[in-house]
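Student: Numbering (the numbering used here), first residue to last: 306 to 783.
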């Protein structure tokens, strides 16, 4: 029988005691009780020792419990104040009546009839009183504590003792003799050359025992996918842009031709801040576009455009607010750029919705680009992300026309929508002097990551779950 050195040491010391506590063995073996219990369980698996767990309960009175141990429980104090019978109105004026009346009735110390409380002829000691008296006297085991613990009068502290006892098989092994020399698991060059390894107690190895698993350092699985998306778009010839988390209402909504009474602007969808932002030069063109279509063929939304609304500030609800600012700074083609950024919305958090998430925003502007080019970009992107089946269905967005929502096929889920796309309307581009078509899309990357990683809950992407991170494979595009 192959034993570890610690099992052998445990048996040698235990042979002198027969049966004793783990803490005593720990002192003799110069270790801690937890290690002794671990070694004992190993030896118990071979039938050499027996491990017994004992739990000792220590009862202590709380401050309130000590008070009642001196003066009596509320029900005892109140019942002793009753002389025969008493109206309930008068009884309820006793300072302890609120607590005591229910317990007096439970103990059958009083009966209540037509508003009169009548005291029983005998009021024997209740289980709670008996246990309280025993604990106050220092009794280690008061027996049934009744409701003392739930009433907050007693606390119970548990102390675990491990008793380790050598078995007859263990005694036989000791009598036969055991080698207490430490087992050698690694040989040095000198031991091999000199041959001294022959005199060592070599540790035996089992090929059937799996080795200890080693977890190398690696990026978070979601971060890997975000980096993959970024690298993929850079390979496709896109450049990256970014912007501030806090955006003016002007750039987040008005510049994108969203009417000022659009439902998406309401507080239930948007995080508004107690800040104001100055409007950029030329804001009047946006006003004119909303009111009557400016110098385009559009009729606008009509009504009066409110400048003070546009000066408000929000946490960006979509990264399209960054796209239009990038286009305003680069009005001449060619433009082929993307933004991978976090956006914020007042969503009810559930397995498929979060209040903040990553969005991939892309724009392509050039002479001659068409709606077909947009569908081709999106299909190529999703194919490279590992989705073989991609389709598009018509959609509506205030700032693109025509508009589509791309969907991918996922086994077990069916068709899953992953964002929105379209061609920026003339009302969006004309105020900034852009005269060429602009292909644009906003895709939910967190949902892509959820599908890639086989998750059913978006919140898993943001949890500090080290086991999930360790066991999730690192993804590499082929």
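Where a beta carbon is used, it is the ideal one built from N, C-alpha and C, also for glycine.
1. Beta carbon of residue 453, beta carbon of residue 377: below 9 Å?
2. Which two residues bound the contiguous beta strand (DSSP E) that contains residue 761?
3. Relative to the C-alpha of residue 469, which candidate in 715, 394, 315 has its C-alpha closest?
4. Contact defined as beta carbons within less than 8 Å: I believe residue 307 pairs with residue 318. What is the distance between those atoms, to the nearest angstrom?
5. In three-state terms, what does DSSP make of residue 544?
6. Could you give the distance in angstroms between the alpha-carbon of residue 741 and the alpha-carbon of residue 674?
7. Give the DSSP-derived three-state secondary structure of residue 504 in the structure shown.
8. Between residue 497 and residue 487, what straight-line distance do the alpha-carbon atoms span, to the nearest angstrom?
9. So, are the CB atoms of residue 644 and residue 618 less than 9 Å apart?
10. Give a yes or no on whether 9 Å exceeds the smallest Cβ distance from residue 385 to chain B.
11. How would you call residue 395, buried or exposed, if buried means at least 16 neighbouring beta carbons within 10 angstroms?
12. For residue 611, which three-state DSSP category applies?
13. Among 649, 629, 653, 651, which has the Cα closest to the Cα of residue 642?
14. Given a threshold of 16 other Cβ atoms within 10 Å of its Cβ, counted over all protein chains shown, does residue 559 qualify as buried or as exposed?
15. How big is the Cα-Cα spacing for residue 548 and residue 519?
16. In terms of alpha-carbon separation, which member of 577, 311, 561, 584 lies closest to residue 342?
17. Does the distance from the C-beta atom of residue 561 to that of residue 659 stay below 9 Å?
18. Within the same chain, show all residues whose beta-carbon is closer than 8 Å to that of residue 413, passing over the 5 residues directly before and after it, in chain order.
19. Within the same chain, show all residues whose beta-carbon is closer than 6 Å to that of residue 462, passing over the 5 residues directly before and after it, in chain order.
20. If the criterion is Cβ atoms closer than 9 Å, does the pair residue 249 and residue 594 meet it?
21. Hey, would you say residue 756 sits closer than 9 Å to residue 713, going by beta carbons?
22. DSSP on residue 739, reduced to helix/strand/coil?
23. So for residue 674, helix, strand or coil by DSSP?
24. Spatial neighbours of residue 401 within its chain, please: CB distance less than 7 Å, with the 5 preceding and 5 following residues excluded, ordered by chain position.
25. Does the beta-carbon of residue 769 have 16 or more other beta-carbons within 10 angstroms, so that it is buried, or is it exposed?
26. Would you call residue 575 buried or exposed, if buried means 16 or more other Cβ atoms sit within 10 Å of its Cβ?
27. Taking just the CA atoms, how far does residue 439 sit from residue 445?
28. Looking at the secondary structure, which residues open and close the alpha helix (DSSP H) in which residue 497 lies?
29. Could you give the distance in angstroms between the alpha-carbon of residue 736 and the alpha-carbon of residue 522?
30. What is the rounded straight-line gap between the Cα of residue 739 and the Cα of residue 586?
31. Name the residue from 557, 571, 568 whose alpha carbon lies nearest to the alpha carbon of residue 591.
32. Would residue 353 and residue 474 be called neighbours here (beta carbons separated by less than 9 Å)?
33. Please tell me whether residue 338 and residue 349 are closer than 9 Å, where the distance is taken between their beta carbons.
34. Count the other C-beta atoms from every protein chain shown that fall within 10 angstroms of the C-beta of residue 534, then say buried if there are 16 or more, exposed otherwise.
35. Which residue marks the beginning of the alpha helix (DSSP H) containing residue 595, and which one marks its end?
36. Take residue 532 as the anchor and find which of 512, 754, 670, 682 has the nearest alpha-carbon.
Tutor: A quick look at the data gives this:
1. Inclusion of residue 453 and residue 377 in the CB contact set at 9 Å is not warranted, their separation being larger than that value.
2. In this chain, residue 761 is not harboured by any beta strand (DSSP E), its DSSP state being neither H nor E.
3. For residue 469, the closest alpha carbon among the candidates 715, 394, 315 is that of 315.
4. The Cβ separation is near 20 Å, so there is no contact.
5. In this structure, residue 544 counts as strand in the three-state DSSP scheme.
6. For residue 741 and residue 674, the distance between alpha carbons rounds to 8 Å.
7. Shown here, residue 504 sits in a helix according to DSSP, grouped into three states.
8. Between the alpha carbons of residue 497 and residue 487 lies a gap of roughly 18 Å.
9. Not closer than 9 Å, so no.
10. Considering every chain present, this structure includes no chain B. It has just one protein chain.
11. Counting Cβ neighbours within 10 Å, residue 395 comes out exposed, since fewer than 16 surround it.
12. Note: residue 611 maps to coil in three-state DSSP.
13. In this structure, 629 is the residue among 649, 629, 653, 651 with its C-alpha nearest to the C-alpha of residue 642.
14. Buried: at least 16 other Cβ atoms inside 10 Å.
15. C-alpha separation (whole angstroms): 40 Å.
16. Minimum Cα distance to residue 342 is reached at 311.
17. For the pair residue 561 and residue 659, the CB atoms are not nearer than the 9 Å cut-off.
18. Around residue 413: 425.
19. Cβ-Cβ distances below 6 Å link residue 462 to 363 in the same chain, with the five nearest sequence neighbours on each side left out; the list follows chain order.
20. Residue 249 is absent from the structure shown; the chain starts at 306 and stops at 783.
21. Their beta carbons are under 9 Å apart, which means residue 756 touches residue 713 by this criterion.
22. Per DSSP, reduced to three states, the secondary structure at residue 739 is coil, with no helix or strand assignment.
23. In the structure shown, residue 674 sits in coil (DSSP, three-state: anything other than H, G, I, E or B).
24. For residue 401, where only same-chain residues beyond five positions count, the Cβ hits under 7 Å are 379, 382, 383.
25. Residue environment analysis places residue 769 among the exposed positions, since fewer than 16 neighbouring C-beta atoms fall within 10 angstroms of its C-beta.
26. Of the residues assessed, residue 575 falls on the buried side of the cut-off, its CB having 16 or more other CB atoms within 10 angstroms.
27. At residue 445, the pLDDT of 49 sits below 50, so the modelled position is not reliable; the number obtained from the coordinates is stated separately. Between residue 445 and residue 439, the C-alpha separation is close to 8 Å.
28. Secondary structure note for residue 497: its alpha helix (DSSP H) is the uninterrupted segment 494-499.
29. Spanning the alpha carbons of residue 736 and residue 522 requires a straight line of approximately 50 Å.
30. Each residue's CA atom was taken as its position, placing residue 739 and residue 586 some 16 Å apart.
31. Selection 557, 571, 568 evaluated against residue 591 yields 557 as nearest (Cα-Cα).
32. Cβ atoms of residue 353 and residue 474: closer than 9 Å.
33. Not closer than 9 Å, so no.
34. Label assigned to residue 534: buried.
35. Element bounds for residue 595: 588-597.
36. Of 512, 754, 670, 682, the residue nearest in Cα terms is 754.
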